[in-house]
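So the structure is just underneath, and the comments pick up after that.
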Ligand SMILES: [Fe+2]
Ligand SMILES: [Fe+2]
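Numbering (the numbering used here), first residue to last: 1388 to 1742.
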């Protein structure tokens, strides 16, 4: 079974550690690939376990009061949690503790300080081993569910195209642009751990949903040729949160549709800027999901190379120069490098899907 066959985006990891800094590290390393919840104490961990049981637990060995191994025992003897895989993380290297972790049912053991890429690879491997057989069984039962997902994405895409930019092929180009960027980014050491499995396929399919929230933006704002300020700009900004809420509502009815989390991130965060000046949350740097960073880049490039009622389209070269000038400002500098290397492939799409 390969990564490509495992759907990781709906997967939920609960990280338990008494160090806030370590929890922040887990969040920055794993978010974007998985849904990550952090618990600083066992009380918080238990609250998370009962409200939203995770698919994997990363557990610090050296917790105050109850030690990690004892908490592992509690999990293993609680029927609802006994099947959740646990990775023990420890700064200690006592061979007895490592053996105990495995004897008591931990799936893996990682020593601090660890290499983040190695941790990601271990998690992916674990999910493959555990979820592979489960997925095979589920797949045989859910071919019709797959069709329902396709239908849902297609309906959402229709909704999105209702507010597409003045009849251009913007939304049609976004998928292939993003797929090229994601595929090439995945070849770099920085992005390899976060772009795997279905990522490229997903972003190709979901990129066109990024502006779905524009259905709520009044025409006089959406088609305003002037730069928007004040109240009108506030109305435009809402399309991110409004769109993600639409997807969240659907998600409530279809809790198994992990792919909707991917759409959620793209829709909510595609206007966040690398330097933190974007909206809606002012996220910055690696705190912005990779998927949204890729969509943001493709969106900027396609926007400037597309004709609008109020201005002509820039040429392919001018568009590329604008993207490059936004490196480290609006856009992720490493992704801009990937973009530059991808220009021949992007040009092919630009020409094939021109307006
Ligand atoms: Fe947008
Ligand atoms: Fe767009």
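C-beta: ideal position from N, C-alpha, C; glycine also.
Asked	Found
Straight-line gap, residue 1409 to residue 1455 (C-alpha atoms, nearest Å)	15 angstroms
Any non-hydrogen atom of ligand 2 within 7 angstroms of residue 1652 CB	no
Assigned exposure category for residue 1686 - 16 Cβ within 10 Å defines buried	buried
Alpha-carbon spacing of residue 1506 relative to residue 1412, whole angstroms	12 angstroms
Coil, strand or helix - residue 1421 by DSSP	strand
Contact the segment 1628–1640 vs the segment 1588–1607: 3+ CB pairs below 8 angstroms	yes
Euclidean distance between Cα positions of residue 1557 and residue 1711	20 angstroms
Cβ shell of residue 1571 (< 6 angstroms), same chain only, five flanking positions each side left out	1725 and 1729
Beta-carbon gap between residue 1474 and residue 1443 smaller than 8 angstroms	yes
Residue ranges of each alpha helix (DSSP H) within the segment 1440–1495, 4 or longer	1455–1463 and 1482–1490
Boundaries (first-last residue) of the beta strand (DSSP E) holding residue 1623	No beta strand (DSSP E) contains residue 1623, which is instead part of the alpha helix (DSSP H) from 1617–1640.
The beta strand (DSSP E) enclosing residue 1403, as first and last residue numbers	1399–1403
Residue 1655 vs residue 1627 beta-carbon contact at 8 angstroms	yes
Range covered by the alpha helix (DSSP H) that runs through residue 1557	1557–1572
For residue 1426, the residue or residues it bridges with in DSSP	1403
Buried or exposed by the 16-neighbour rule on C-beta atoms within 10 Å, applied to residue 1401	buried
For residue 1740, the three-state DSSP class (helix, strand or coil)	coil
Of the listed residues 1739, 1561, 1610 and 1435, nearest to residue 1698 (C-alpha basis)	1610
Residue 1388 burial status per 10 Å Cβ neighbour count (16 or more: buried)	Since pLDDT at residue 1388 reaches only 36, below the 50 mark, its modelled position is unreliable, and the value read off the structure follows with that caveat. Exposed, since its Cβ has fewer than 16 Cβ neighbours within 10 Å.
Residue 1597 Cβ short of 7 angstroms to ligand 2 heavy atom set	yes
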